[in-house]
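Number of protein chains: 2
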Amino acid sequence: MRALSVSALLLLALGCCWGTQDNFLDEDVVEPVIQASKYGSLWPLPQKVQISDVPLKLSGTTFEFTDAKGSTAGASCSVLQNAYRRYFDYIFGGPKKQKMSRNRRSGPTEVTELQVSITSPDSQCDGYPGVTSDESYELSVDAPVAVLKAPTVWGALHGLETFSQLVYEDKYGAKTINSTKVSDFPRFAHRGILLDSSRHFLPIKVLLANLETMAMNKFNVFHWHIVDDQSFPYLSRTFPQLSQKGAYHPYTHVYTPADVKMVIEFARLRGIRVIPEFDTPGHTQSWGKGQMDLLTPCFSGAAPSGTFGPVNPILNTTYDFMSRFFKEVSSVFPDGYVHLGGDEVDFSCWKSNPDIKKFMDEQGFGQDYSKLESFYIQKLLDIVTTTKKGYIIWQEVFDNGVKLKPDTLIHVWKGNQEQYQSEMAKITSAGYQTLLSSPWYLNRIYYGQDWQNPYKADPQDFKGTEEQKKLVIGGEACLWGEYVDATNLTPRLWPRASAVAERLWSAKEVTDINDAYNRLSAHRCRMVERGIPAEPLFSSFCPHEYKGI
Amino acid sequence: MRALSVSALLLLALGCCWGTQDNFLDEDVVEPVIQASKYGSLWPLPQKVQISDVPLKLSGTTFEFTDAKGSTAGASCSVLQNAYRRYFDYIFGGPKKQKMSRNRRSGPTEVTELQVSITSPDSQCDGYPGVTSDESYELSVDAPVAVLKAPTVWGALHGLETFSQLVYEDKYGAKTINSTKVSDFPRFAHRGILLDSSRHFLPIKVLLANLETMAMNKFNVFHWHIVDDQSFPYLSRTFPQLSQKGAYHPYTHVYTPADVKMVIEFARLRGIRVIPEFDTPGHTQSWGKGQMDLLTPCFSGAAPSGTFGPVNPILNTTYDFMSRFFKEVSSVFPDGYVHLGGDEVDFSCWKSNPDIKKFMDEQGFGQDYSKLESFYIQKLLDIVTTTKKGYIIWQEVFDNGVKLKPDTLIHVWKGNQEQYQSEMAKITSAGYQTLLSSPWYLNRIYYGQDWQNPYKADPQDFKGTEEQKKLVIGGEACLWGEYVDATNLTPRLWPRASAVAERLWSAKEVTDINDAYNRLSAHRCRMVERGIPAEPLFSSFCPHEYKGI
Numbered sequence: 001m002r003a004l005s006v007s008a009l010l011l012l013a014l015g016c017c018w019g020t021q022d023n024f025l026d027e028d029v030v031e032p033v034i035q036a037s038k039y040g041s042l043w044p045l046p047q048k049v050q051i052s053d054v055p056l057k058l059s060g061t062t063f064e065f066t067d068a069k070g071s072t073a074g075a076s077c078s079v080l081q082n083a084y085r086r087y088f089d090y091i092f093g094g095p096k097k098q099k100m101s102r103n104r105r106s107g108p109t110e111v112t113e114l115q116v117s118i119t120s121p122d123s124q125c126d127g128y129p130g131v132t133s134d135e136s137y138e139l140s141v142d143a144p145v146a147v148l149k150a151p152t153v154w155g156a157l158h159g160l161e162t163f164s165q166l167v168y169e170d171k172y173g174a175k176t177i178n179s180t181k182v183s184d185f186p187r188f189a190h191r192g193i194l195l196d197s198s199r200h201f202l203p204i205k206v207l208l209a210n211l212e213t214m215a216m217n218k219f220n221v222f223h224w225h226i227v228d229d230q231s232f233p234y235l236s237r238t239f240p241q242l243s244q245k246g247a248y249h250p251y252t253h254v255y256t257p258a259d260v261k262m263v264i265e266f267a268r269l270r271g272i273r274v275i276p277e278f279d280t281p282g283h284t285q286s287w288g289k290g291q292m293d294l295l296t297p298c299f300s301g302a303a304p305s306g307t308f309g310p311v312n313p314i315l316n317t318t319y320d321f322m323s324r325f326f327k328e329v330s331s332v333f334p335d336g337y338v339h340l341g342g343d344e345v346d347f348s349c350w351k352s353n354p355d356i357k358k359f360m361d362e363q364g365f366g367q368d369y370s371k372l373e374s375f376y377i378q379k380l381l382d383i384v385t386t387t388k389k390g391y392i393i394w395q396e397v398f399d400n401g402v403k404l405k406p407d408t409l410i411h412v413w414k415g416n417q418e419q420y421q422s423e424m425a426k427i428t429s430a431g432y433q434t435l436l437s438s439p440w441y442l443n444r445i446y447y448g449q450d451w452q453n454p455y456k457a458d459p460q461d462f463k464g465t466e467e468q469k470k471l472v473i474g475g476e477a478c479l480w481g482e483y484v485d486a487t488n489l490t491p492r493l494w495p496r497a498s499a500v501a502e503r504l505w506s507a508k509e510v511t512d513i514n515d516a517y518n519r520l521s522a523h524r525c526r527m528v529e530r531g532i533p534a535e536p537l538f539s540s541f542c543p544h545e546y547k548g549i
Numbered sequence: 001m002r003a004l005s006v007s008a009l010l011l012l013a014l015g016c017c018w019g020t021q022d023n024f025l026d027e028d029v030v031e032p033v034i035q036a037s038k039y040g041s042l043w044p045l046p047q048k049v050q051i052s053d054v055p056l057k058l059s060g061t062t063f064e065f066t067d068a069k070g071s072t073a074g075a076s077c078s079v080l081q082n083a084y085r086r087y088f089d090y091i092f093g094g095p096k097k098q099k100m101s102r103n104r105r106s107g108p109t110e111v112t113e114l115q116v117s118i119t120s121p122d123s124q125c126d127g128y129p130g131v132t133s134d135e136s137y138e139l140s141v142d143a144p145v146a147v148l149k150a151p152t153v154w155g156a157l158h159g160l161e162t163f164s165q166l167v168y169e170d171k172y173g174a175k176t177i178n179s180t181k182v183s184d185f186p187r188f189a190h191r192g193i194l195l196d197s198s199r200h201f202l203p204i205k206v207l208l209a210n211l212e213t214m215a216m217n218k219f220n221v222f223h224w225h226i227v228d229d230q231s232f233p234y235l236s237r238t239f240p241q242l243s244q245k246g247a248y249h250p251y252t253h254v255y256t257p258a259d260v261k262m263v264i265e266f267a268r269l270r271g272i273r274v275i276p277e278f279d280t281p282g283h284t285q286s287w288g289k290g291q292m293d294l295l296t297p298c299f300s301g302a303a304p305s306g307t308f309g310p311v312n313p314i315l316n317t318t319y320d321f322m323s324r325f326f327k328e329v330s331s332v333f334p335d336g337y338v339h340l341g342g343d344e345v346d347f348s349c350w351k352s353n354p355d356i357k358k359f360m361d362e363q364g365f366g367q368d369y370s371k372l373e374s375f376y377i378q379k380l381l382d383i384v385t386t387t388k389k390g391y392i393i394w395q396e397v398f399d400n401g402v403k404l405k406p407d408t409l410i411h412v413w414k415g416n417q418e419q420y421q422s423e424m425a426k427i428t429s430a431g432y433q434t435l436l437s438s439p440w441y442l443n444r445i446y447y448g449q450d451w452q453n454p455y456k457a458d459p460q461d462f463k464g465t466e467e468q469k470k471l472v473i474g475g476e477a478c479l480w481g482e483y484v485d486a487t488n489l490t491p492r493l494w495p496r497a498s499a500v501a502e503r504l505w506s507a508k509e510v511t512d513i514n515d516a517y518n519r520l521s522a523h524r525c526r527m528v529e530r531g532i533p534a535e536p537l538f539s540s541f542c543p544h545e546y547k548g549i
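As given, the protein sequences belong to chains A and B, one line each in that order. The first sequence finishes on residue 549 if you use the numbering used here, and the numbering steps up by one all the way, no holes. The second sequence finishes on residue 549 if you use the numbering used here, and the numbering steps up by one all the way, no holes.
Here it is in structure tokens:
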């Protein structure tokens, strides 16, 4: 990775701290004191870490990753073998790779080997990560052998990232790592990024680059908000007309089954789950283009107006369609969960439609259209249950009192701090598991250091019992797509999402904004060196600036 | 350029207009109605344009740019010859170029030639553009010959850009241009972009890409805020220790004389002036690292505190240094103007220093430190006057009552609309020329369509006579560097700066936000096709999305 040397970190310190013509900072935002953190550039901070003063060297001509004797995953495990190549490249850099020496003599203070040991009988190498996966690892760096132990390959991947983050260059440019002990595990099991490929189509290249960066930040869930009102880029084998008619372009702006498979495998190799969201009954304008009679015809007085509203909840054909559609989804996406949306249903079209009115009367719903919404969602949840998937739904579904399976995840996205904390309390007191996103809508930009407020939010800060707190399984940073596409998505997401990554991984007590600033500055320069255009936190420089434009 | 076809423009229309979970738009911001503009993708809109319904074809195998008989610039004019190659590439695209046909038979509705005629005796081909340059042009598109007439090469460059913007693809992908007449000239002579290479170093590649994009938007001034408190990347031949000590890094983060020369020539070939800013007496922390005794030593009680304030205005050595430094600057930068800054001088250090106090008493300045500031600036202006340059200064210098040459440009950057309008009125009623930037601080981002407010600001909207209005020579969009570097600068600047480009070029009456939205959406897709990561205005797609990440 051509890591930052200590001298480079000190140089970073020079570039900061004077007031400037346009430096209108948010009043709550701390103006950081710049100095190298005692934790170097580690991000997110491990649960336990002891870095000694003893510097050891690494050489690209001798260093090896090896599978420990007795490890339950080895040469045939592509998750590990791919990761070794990736991290060798990060640590020793691109073009100037030297030939591995046959005569592997090494100095007394040289680390020549990182021995990787998977300790569970089931390494999970050929499986997929899941919400119950053990992601812990233990890392011990010594000369000549460093040791990484993890119950599963998913923990080992995190350990490899941490190992690479411990490597730096001394003042002569020599690869160096201090003797170190790390014992690490995530605070929350679900640490996600939502990307939206409907408001703007996101080329596969962009998705993969962001999965790569997620791994550098120990995120483990890609929440793929794949379709919405604006476009339907998912090419369905069962209903190909959905993207044929509903995508921005049926050939250049779709994800084929092969594309989706590639995204899922690329993610798996980095310990990342892919959870697709197919949001209904609202947010479905693009679905209606390829699927006749799926959406509710809106009326203007006594006649259809020609426009359409949410999914039509009163037709049997709707549920036939959903059964076949979600059956496909459940086989295409291996994760145990699917996100069903359920947010922001606009009732005005339903209210205008005489058939819907009649149905409301028959069912005894009166004027309460949220009962109709619940009627729909209830039937949808039953359909998805038959596919053996768990489901995640936006908070409105819970707010409307729909009957939910006990293992449902309720995703909180609305409101200010007081409001979302009260929602989290309600959900957990009803015994449901929950995910937080409200403070992490990273699409909402503002001028200044806008990583600090997301960093300060804590998903367990609400009034509730210890039992309730345990029902918080994590959160997601969301980058909705109205204002981002391939041109600006990556720098807008990173390193702002890194702030969320540390909140979801590290111990609750890790809240020192100054220390975070210093580690994060170095971490962002590392992402830049790895080819990711992660934007700056504030006035500063990186030893190697981004090579693109 | 593989321009947008009309059908592509209509497709663009599909991607928009539903309310969405995170669509919190500014209340003043208009939600646009999407439809192709009758002006296609022209940006900025020419002063007069008549596009007929007659479609003509262009072929990469036959089309030529030619120098008209009697033109005062031709085969030996590198400004034109370079531009022909650039625009051929934009129009006919990159890899699939065909060999020019010897047998140049053409259909009756084919444009085979754009004849370029420079009409002034002095074409200015070997010179530099300046504030008094004539940038007008007349373009007439017909078959088989289109004609572009301009008094100078600078006008011809704008005409070539307009010609390229008129080309689109028909539904079969054929290059098409409608028979058209354009008569065009800029509303304001000074249309600038400020980039700041001190808070973050901007690699040459980034500067050049943005100059390229400026030309696509008919900007004609690159205001290079090259040094500031944070770093001094300008490698001075006379005082090399300034960057040796004051740059972020003396080798990797500096602009050598060859770099500066390359930037100036690249800009000249695109009709862009390069005006450097060397801001004093404040904003000079980085200068003090390489130049002993230049800055004022601050005192803590009776002893020096070890920190330094603004330039020390009471030493003769200061003025010797400035004389030699600005002599170099005046020869390195060919433009007729240099920007001398003069903003935000913090008096606290001066107040702490006993020698300064003594000097204040001797001069009879009392406690009025703005008099000391004026004393310094006055001497600096006299120095710069001897180099035969005009100067631009930030508004504080005028506010403090410094005596200014009549041709001084006063740059307004402070305040809200009411405040900057009152400042513009004051400056022009005192008979000075002025430049506006207050509404165009594009570093200040916010969520939503933040191109609309900059688009609505008009530099001549203030209370004053017609004579006063004429003293407004233009404005500049500023992208201060605290939060931008190579990773995010380009998408953050474009197409937001394009809004300012149209305000400064097009007629005052061009204010239709809907029409602007539609033209600008297409213009931004064109910039993307030309390899510039210009960010989206709102939910939408481009026929060819950005290829980077």
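Note that CB positions come from ideal geometry on N, CA and C, so glycine has one too. In this text the structure is predicted, and so the values were computed from the model without any measurement.
Of all Cβ atoms in chain C, is any one closer than 8 Å to the Cβ of B/H339?
Here chain C cannot be found, since the structure's protein chains are A and B.
Is A/G19 helix, strand or coil when you go by DSSP?
Confidence at A/G19 is low in this model, with a pLDDT of 34, below 50, so the placement of that residue is unreliable and no value is reported for it.
With 9 Å as the limit, tell me which residues of the segment 535-548 of chain B have their beta carbon closer than that to any beta carbon of chain A; keep them in chain order.
Within the segment 535-548 of chain B, the residues whose Cβ lies closer than 9 Å to some Cβ of chain A are E535, P536, L537, F538, S539, S540, F541, C542, P543, H544, E545, Y546, K547, G548, listed in chain order.
If the cut is a Cβ gap below 7 Å, which residues of chain B does A/E373 touch?
Simply none; closest approach about 16 Å.
If contacts are defined as beta-carbon pairs under 8 Å, then B/V145 and B/E113 qualify, I think. What distance do you get, rounded to the angstrom?
Contact annotation, B/V145 with B/E113: C-beta distance approximately 5 Å; criterion of less than 8 Å satisfied.
Hey, B/V384 and B/L340: beta-carbon distance below 8 Å or not?
Going by beta carbons, B/V384 and B/L340 fall inside the 8 Å limit.
Do A/H253 and A/S236 have their C-beta atoms within less than 8 Å of each other?
No, these two residues do not count as a Cβ contact at 8 Å.
Which runs of the beta strand (DSSP E) fall wholly inside the segment 314-339 of chain A and span at least 3 residues, in chain order?
The qualifying runs are 337-339.
Below 8 Å on the Cβ atoms is my contact criterion, and I expect A/P55 with B/N488 to pass it. Report the Cβ-Cβ distance as a whole number of Å.
With a contact defined as Cβ atoms closer than 8 Å, A/P55 and B/N488 miss out at about 35 Å.
Beta-carbon contacts of B/F365 that lie in its chain and below 7 Å, excluding the five residues immediately before and after
Excluding positions up to five away in sequence, the list reads K371, L372.
When the cut-off is 8 Å and only beta carbons count, does B/F326 lie next to chain A?
It does not; no Cβ of chain A falls within 8 Å.
A/E277 versus B/P533 - alpha carbon distance
Their Cα atoms are separated by approximately 28 Å.
Compute the minimum distance between the beta carbon of B/I177 and the heavy atoms of the ligand GTP, and state whether it is under 7 Å.
Summarising the ligand content, the structure contains no ligands, and the ligand GTP is consequently not present.
Tell me, please, whether the CB atom of A/D485 is closer than 8 Å to any CB atom in chain B?
For A/D485, the answer is yes, since a Cβ of chain B falls inside 8 Å of its Cβ.
With 16 as the cutoff for other CB atoms within 10 Å, does A/V33 come out buried or exposed?
It counts as exposed.
Between which two residues does the alpha helix (DSSP H) holding B/S52 run?
DSSP places B/S52 in no alpha helix (DSSP H) but in the uninterrupted beta strand (DSSP E) bounded by 48-57.
Taking the C-alpha atoms as reference points, what is the distance between A/R199 and A/V402?
Spanning the two alpha carbons is a distance of roughly 29 Å.
For B/G259, does the three-state DSSP call read helix, strand or coil?
According to the sequence displayed, residue 259 of chain B carries Asp and not Gly. B/D259: helix per DSSP, three-state reduction.
Could you check whether the Cβ of A/R530 sits closer than 8 Å to any Cβ belonging to chain B?
It does not; no Cβ of chain B falls within 8 Å.
Using a Cβ cut-off of 8 Å, which residues of the segment 236-261 of chain B contact any Cβ in chain A, in chain order?
Taking 8 Å as the Cβ-Cβ cut-off against chain A, the residues of the segment 236-261 of chain B that qualify are Y248, H249, T252, H253.
Go to A/W555, then tell me how far its alpha helix (DSSP H) extends in each direction, as first and last residue.
No information on residue 555 of chain A is available, as it lies outside the stretch 1 to 549 that chain A covers here.
Threshold first: 4 residues or longer. Then list the alpha helix (DSSP H) segments lying entirely within the segment 470-549 of chain A, N to C.
As far as the segment 470-549 of chain A is concerned, its whole alpha helix (DSSP H) runs of at least 4 residues are 489-493, 496-505, 513-529.
Can you pull the chain B residues whose beta carbon is under 7 Å from the beta carbon of A/F266, in chain order?
The contacting residues do not exist; A/F266 stays about 14 Å from chain B at best.
Have a look at B/N178 and B/K171 and give me their C-alpha separation to the nearest angstrom.
If I take the Cα positions, the gap works out to 14 Å.
If we ignore side chains and look at the alpha-carbon of each, how far apart do A/Y84 and B/P459 end up?
Distance between the alpha carbons of A/Y84 and B/P459: 59 Å.
Using only alpha-carbon positions, find the residue among B/E423, B/I204, B/K327 that is nearest to B/A258.
B/A258 has its Cα closest to that of B/I204, out of B/E423, B/I204, B/K327.
Are the beta-carbon atoms belonging to A/N217 and A/S540 less than 8 Å from one another?
No, the pair does not count as a contact, with Cβ atoms beyond the cut-off.
Sub-8 Å separation of B/F163 and B/Q47 beta-carbons:
Judged by their CB atoms, B/F163 and B/Q47 are not nearer to each other than the 8 Å cut-off.
Of all the CB atoms in chain B, is at least one closer than 8 Å to the CB of A/P533?
Under the 8 Å criterion on CB atoms, A/P533 is classed as interfacial with respect to chain B.
Does B/Y447 come out as helix, strand or coil in the three-state DSSP assignment?
DSSP places B/Y447 in coil when its eight states are reduced to three.
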